Each structure stands twice: as C-alpha cells, then as structure tokens.
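K.L.:
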Amino acid sequence: MRILVTGGAGYIGSHTVRQLIAGGHDVTVFDNLRYGHRQAVPAERLVVGDLRDIDHLDHLLVVERVEAVVHFAASTSVPESVKAPAEYYTNNLVYSLQLLDRCRRNGVGKFVFSSTAAVYGLPDYGVPDAVPIREDAKKVPVNPYGATKLAFERALEDYSFAYPFGYCALRYFNAAGAAEDGAIGEDHTPETHLIPIVIQAATGKRPHVEIFGTDYNTPDGTCVRDYVHVDDLAAAHVLALGKLGPGKRLTYNVGIGRGYSVREVIATVEAVSGLTVPVKEGVRRDGDPPVLVAAADRLRAELGWAPKYTNLRAIVETAWRWHKAHPDGFGG
Ligand code: UDP
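Under the numbering used here, the first residue of the sequence shown is numbered 18, with each subsequent residue one higher.
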C-alpha cells in the first residue's frame with residue numbers, strides 16, 4: 018500500500034514507519050522535524066514539510082498516489098495544551114481537518130489517526146466497571162489536548178458516513194520503551210514523559226524526578242497509567258491498515274490493560290538499572306486524571322493484536338538500554 022505518514026519521524030511514528038517498511042509498504046514520511054528526528058527514518062523516505070502547508074501535502078497525495086494516511090503529526094503534551102490551547106486547536110484540529118479534506122478530494126480512502134486516552138477525561142469512578150476504560154465510556158476531556166483529539170475523531174466519523182472513506186482512531190494510553198534492537202527510541206526536547214525523566218534522574222542527567230501529586234485516591238497516592246510498548250503500539254497501526262476500507266469505523270484503545278503508579282515506575286527503573294532515583298514529592302499537574310487504564314480486549318479480539326510486552330519491567334528494560342546507549346538521544 019502507498020502510505021503517507023505525517024509526523025513519521027517522531028517517537029511513535031518512526032517505530033510505525035519501520036514496521037510498515039518491513040511489511041512491504043511504500044512509505045512517505047512527512048515531518049517538520051520540530052520534534053521528529055532525521056536519523057529516526059530512512060533518508061530516502063523523508064519529506065521535510067509542515068502540516069500547515071496544505072498545498073505541499075496535497076501535492077504529495079497526488080504525485081505519490083497515496084492510498085492511506087497515517088496521521089501522527091500533532092502537538093502532544095497535556096500540560097502544554099492547558100497553557101497554549103490556541104496552538105493545540107490549530108495544529109491538532111484546523112490543520113488535521115485540512116488534511117482530511119484533501120484526502121477526501123484526492124480519493125484517499127483510508128485514514129489511521131493517533132488519538133489518545135485523554136479523550137475520556139475523568140473515568141466515572143462512581144460507576145461499577147468504569148476502570149479499565151472501555152471505548153464506549155463517556156468522553157469528557159479535561160484538557161485541550163484531549164478535546165482536540167476527540168473533535169477530530171468526530172469529524173472522521175461524519176466523513177465516513179458521507180464519503181467513500183474508512184478510518185481507525187487509536188486511543189493511545191502511555192507509549193513507552195524503545196525498539197528491541199536499540200536502533201531507535203524516545204528522545205523528546207524538552208522531555209516531559211515519566212519513564213525517560215526517571216531514567217535521566219537515575220543516571221544523574223537531572224537532579225531528581227518530581228512526583229506530580231501524592232494525594233490522589235489511588236493505592237499509593239500517585240497517578241496510575243497503562244504503559245504500552247511503542248512497538249506494540251506501532252503494530253496496532255499496521256493491523257488497522259489491513260482492515261480499512263470504505264465505511265469502516267474502527268476505534269480502539271491501545272494499552273496493555275494494567276496500570277502502574279508513578280511510584281511503581283520509579284521502583285521499576287531502580288530495579289532495572291540498579292541505580293537509586295532521587296525523588297521529590299510535588300503538587301498535582303494540571304489536567305492529569307488520577308487513573309487511566311485501558312480495556313484493551315476490543316483491539317485483541319477484532320484485529321488480533323497480541324502485545325509482546327505485557328509488563329512494565331519488560332518495557333522499561335528496552336527504554337533503559339536505549340538511554341544507556343544514547344544518553345543524548347539521537348544527538349548522541
Ligand atoms: N509524572 C510525574 N513527574 C514527571 C512526569 C510525569 O509525576 O516528571 C506523572 C504525570 O503526572 C502522570 C504520569 O507521570 O501521572 C505519566 O505522565 P506522562 O507525562 O509520562 O504521560 P501522560 O499520562 O501525561 O500522557
């Protein structure tokens with residue numbers, strides 16, 4: 018299949034691009050390299066461009082005779098979205114809608130979208146079985162990031178009823194880890210994600226990790242998240258592309274169905290690295306739901322998704338290897 022991958026040089030994008038290429042697909046990566054890394058994708062596949070440049074994208078859709086778009090390019094930080102909603106609505110909604118409409122006009126009938134567990138907002142803890150979160154749970158995002166992703170999911174759904182078009186929205190829980198062979202991994206600037214931050218604190222690259230809130234109503238008072246290995250997450254995109262066709266409306270959680278607290282993440286990094294992590298207990302971060310754990314059985318049942326990494330330790334081991342080999346990320 019001829020596939021355009023926006024944001025394909027980023028963390029989840031680059032792991033997905035590798036699997037698509039390995040699967041024999043003809044992949045064009047479109048990335049502005051603001052967060053993505055040139056070294057993370059084969060040079061001959063990369064087109065450097067910005068999502069706002071819709072004519073550039075349109076040109077690629079036509080000349081590359083694109084059959085499917087996998088759309089990663091987005092602003093992706095929950096706390097940043099609270100401070101800069103304008104950027105999030107513009108990048109994640111306005112530019113994504115432009116792309117979607119060019120897909121329609123150019124007859125691109127398959128679209129895989131990077132959505133997020135943040136679409137759910139606060140799980141309805143009063144309701145029995147509210148956690149793990151099922152795809153049909155109520156969706157009331159508590160931050161602009163989640164709101165922009167949910168709005169675009171809605172546009173996809175409406176398009177799929179009116180046009181010859183099918184989509185898959187993958188609601189990521191917490192992507193983590195690095196490719197098993199250590200070729201690519203996680204490198205964000207600035208880094209905001211827990212596992213790389215804890216590893217940096219373990220290795221002395223930062224003075225400590227600050228725990229954002231210790232007074233949540235969770236077993237140890239810290240937030241609980243469902244960490245899913247980036248290669249398992251990438252595999253979900255490949256499976257989704259295989260299922261898509263006109264009128265298909267697919268929406269899946271991508272998580273392993275098990276939650277770990279911030280303190281458990283820190284303890285796991287200590288166990289894997291043999292190092293001590295300096296910790297500072299801090300206040301809650303804006304926009305953080307206390308618990309986000311996926312009900313992940315729909316993806317397994319319908320697409321045959323079978324994650325290779327089913328516990329946090331196995332995921333952290335791959336992250337640790339990548340960070341030890343690349344202390345300065347792709348720049349090192
Ligand atoms: N977190 C933390 N300290 C940090 C970074 C993150 O305590 O320096 C917490 C954060 O509040 C959340 C969890 O770790 O509860 C995972 O955060 P991350 O930013 O990795 O992913 P998110 O869940 O926001 O997508």
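For each residue, glycine too, the CB sits at the ideal point set by N, CA and C. Quick caveat, the model's predicted, so the values are computed rather than measured.
1. Apart from the five residues on each side of it in sequence, which residues of its chain come closer than 7 angstroms, Cβ to Cβ, to Ala218?
2. Taking 7 angstroms as the cut-off, does the CB of Thr209 come closer than this to any heavy atom belonging to the ligand UDP?
3. Under 7 angstroms: does the beta carbon of Phe229 sit that close to some heavy atom of the ligand UDP?
4. Where does the unbroken beta strand (DSSP E) through Phe89 begin, and where does it stop?
5. Sort Val34, Asn109, Gly40 by Cα distance to Asp67 and report the nearest one.
6. DSSP three-state label for His73, please.
7. Would you call the stretch 202 to 219 and the stretch 60 to 78 in contact, with 3 or more CB pairs under 8 angstroms?
8. Go through its chain and collect everything with a Cβ distance to Gly138's Cβ below 6 angstroms, but skip five positions before and after it.
9. Pick helix, strand or coil for Phe130, following the three-state DSSP scheme.
10. Apart from the five residues on each side of it in sequence, which residues of its chain come closer than 6 angstroms, Cβ to Cβ, to Ile332?
11. What does a CB cutoff of less than 7 angstroms around Ala57 pick up in its chain, not counting 5 residues either side in sequence?
12. Quick one: using the 10 Å Cβ neighbour count with 16 as the cut-off for buried, is Val111 buried or exposed?
13. I'd like the ranges of any alpha helix (DSSP H) spanning at least 4 consecutive residues and lying wholly in the stretch 278 to 335.
14. Verify the contact flag: Asn234, CB atom, against every heavy atom of the ligand UDP, threshold strictly below 7 angstroms.
15. Say the cut is 7 angstroms; is the CB of Asn160 nearer than that to a heavy atom of the ligand UDP?
16. Just how far apart, CA to CA, sit Ser113 and Leu78?
17. When DSSP labels each residue in this structure, what does Gly221 get in the three-state scheme?
18. Kindly indicate which residue of Val148, Gly183, Ile273 has the alpha-carbon position closest to the one of Thr235.
19. How many angstroms separate the CA atom of Ala252 from the CA atom of Val279?
20. So is the beta-carbon of Cys185 under 7 angstroms away from any non-hydrogen atom of the ligand UDP?
21. Taking Gly321 as the reference, give the member of Ser131, His254, Ile29 with the closest Cα.
22. From what residue to what residue does the beta strand (DSSP E) around His42 run?
23. Taking just the CA atoms, how far does Val136 sit from Pro307?
24. Does DSSP classify Leu21 as helix, strand or coil?
25. Within the present structure, is the beta-carbon of Val271 separated from the nearest heavy atom of the ligand UDP by less than 7 angstroms?
26. Between which two residues does the beta strand (DSSP E) holding Val184 run?
27. Tell me where the beta strand (DSSP E) around Arg266 begins and ends.
28. Locate the alpha helix (DSSP H) running through Glu3, then write down its first and last residues.
29. Note the first and the last residue of the continuous beta strand (DSSP E) segment covering Val245.
30. Can you tell me whether Arg317 is buried or exposed, with buried defined as 16 or more other CB within 10 angstroms of its CB?
31. Check whether the Cβ of Arg171 sits closer than 7 angstroms to any heavy atom of the ligand UDP, and report yes or no.
32. Hey, is Arg188 close to the ligand UDP, as in C-beta under 7 angstroms from one of its heavy atoms?
33. Per DSSP, which one or two residues make a beta bridge with Gly138?
34. Determine, using beta carbons only, whether Met18 and Leu258 come nearer to each other than 8 angstroms.
35. Does the count of Cβ pairs from the stretch 260 to 275 and the stretch 184 to 192 closer than 8 angstroms reach three?
P.N.:
In terms of the structure at hand:
1. Indexing the sequence shown from 1 puts residue 218 at position 201. The residues are His225, Val226, Val294, Pro295.
2. What you label residue 209 is simply residue 192 of the sequence shown in a count that begins at 1. The answer is yes for Thr209.
3. Mapped onto the sequence shown, residue 229 falls at position 212. Yes - the ligand UDP has a heavy atom lying nearer than 7 angstroms to the Cβ of Phe229.
4. By 1-based counting over the sequence shown, the position of residue 89 is 72. No beta strand (DSSP E) contains Phe89, which DSSP labels as neither H nor E.
5. In the sequence shown, counting from the first residue as 1, residue 67 sits at position 50. Looking at the Cα atoms, Asn109 is the closest of the given residues.
6. By 1-based counting over the sequence shown, the position of residue 73 is 56. Looking at His73 - three-state DSSP - the assignment turns out to be helix.
7. no
8. On the sequence shown, residue 138 is found 121 positions in, with the first residue counted as 1. Result list for Gly138: Val157, Pro158, Val159, in chain order.
9. Here the question's residue 130 lines up with position 113 in the sequence shown. Phe130 falls in the strand class under three-state DSSP.
10. To locate residue 332, count along the sequence shown from 1; it is residue 315. Cβ within range, chain order: Ala193, Gly194, Tyr244, His246, Tyr326.
11. What you label residue 57 is simply residue 40 of the sequence shown in a count that begins at 1. So the qualifying residues of the chain are Ala26, Ser31, Ile201, Phe347.
12. Position 94 of the sequence shown, counting from 1, holds the residue named residue 111. When all chains shown are included, Val111 counts as exposed.
13. 279 to 290, 314 to 320
14. Looking up residue 234 in the sequence shown gives position 217. Every heavy atom of the ligand UDP is 7 angstroms or more from the Cβ of Asn234, so no.
15. Along the sequence shown, one-based indexing puts residue 160 at 143. Asn160 Cβ: outside cutoff for every heavy atom of the ligand UDP.
16. As a working mapping, residue 113 is identified with position 96 in the sequence shown. As a working mapping, residue 78 is identified with position 61 in the sequence shown. Straight-line Cα distance between these residues: approximately 14 angstroms.
17. Residue 221 sits at position 204 when you count from the first residue of the sequence shown. Coil, per DSSP.
18. Numbered from 1 along the sequence shown, position 218 holds the residue referred to as residue 235. The option with the nearest alpha carbon to Thr235 is Val148.
19. For the purposes of this step, residue 252 is taken as the residue at position 235 of the sequence shown. For the purposes of this step, residue 279 is taken as the residue at position 262 of the sequence shown. In a straight line, the C-alpha of Ala252 is about 26 angstroms away from that of Val279.
20. As a working note, residue 185 is residue 168 in the sequence shown. Result no, Cβ not under 7 angstroms from the ligand UDP.
21. Position 304 of the sequence shown, counted from the start, is the residue given in the question as residue 321. The shortest Cα separation from Gly321 among Ser131, His254, Ile29 belongs to His254.
22. As a working mapping, residue 42 is identified with position 25 in the sequence shown. Per DSSP, His42 belongs to no beta strand (DSSP E) and is neither H nor E.
23. Against the sequence shown, residue 307 aligns to sequence position 290. Against the sequence shown, residue 136 aligns to sequence position 119. Rounded to whole angstroms, Pro307 to Val136 spans 14 angstroms at the Cα level.
24. In the sequence shown, the residue the question calls residue 21 occupies position 4. In this structure, Leu21 counts as strand in the three-state DSSP scheme.
25. Sequence index remark: in the sequence shown, residue 271 carries index 254 (1-based). Not under cutoff, so the answer is no.
26. If you number the sequence shown from 1, residue 184 lands on position 167. The amino acid occupying residue 184 in the given sequence is Tyr; Val does not appear at that position. Element bounds for Tyr184: 183 to 189.
27. For this step, residue 266 is matched to residue 249 along the sequence shown. Per DSSP, Arg266 belongs to the beta strand (DSSP E) from 266 to 271.
28. A question about residue 3 goes unanswered here, because the residues of the chain that appear run from 18 up to 349.
29. Taking the sequence shown and counting its residues from 1, one reaches residue 245 at position 228. From DSSP, the beta strand (DSSP E) with Val245 extends over 244 to 246.
30. By 1-based counting over the sequence shown, the position of residue 317 is 300. Classification of Arg317: exposed, given that the 10 Å Cβ count is below 16.
31. Taking the first residue of the sequence shown as position 1, residue 171 is located at position 154. False, no ligand heavy atom lies under 7 angstroms from that Cβ.
32. Within the sequence shown, numbered from 1, the residue matching residue 188 stands at position 171. No, the Cβ of Arg188 stays beyond 7 angstroms of every heavy atom of the ligand UDP.
33. As a first step, residue 138 must be located in the sequence shown, where it is residue number 121. Gly138 pairs with Val157.
34. What you label residue 18 is simply residue 1 of the sequence shown in a count that begins at 1. What you label residue 258 is simply residue 241 of the sequence shown in a count that begins at 1. Yes, the Cβ-Cβ distance between Met18 and Leu258 is below 8 angstroms.
35. yes
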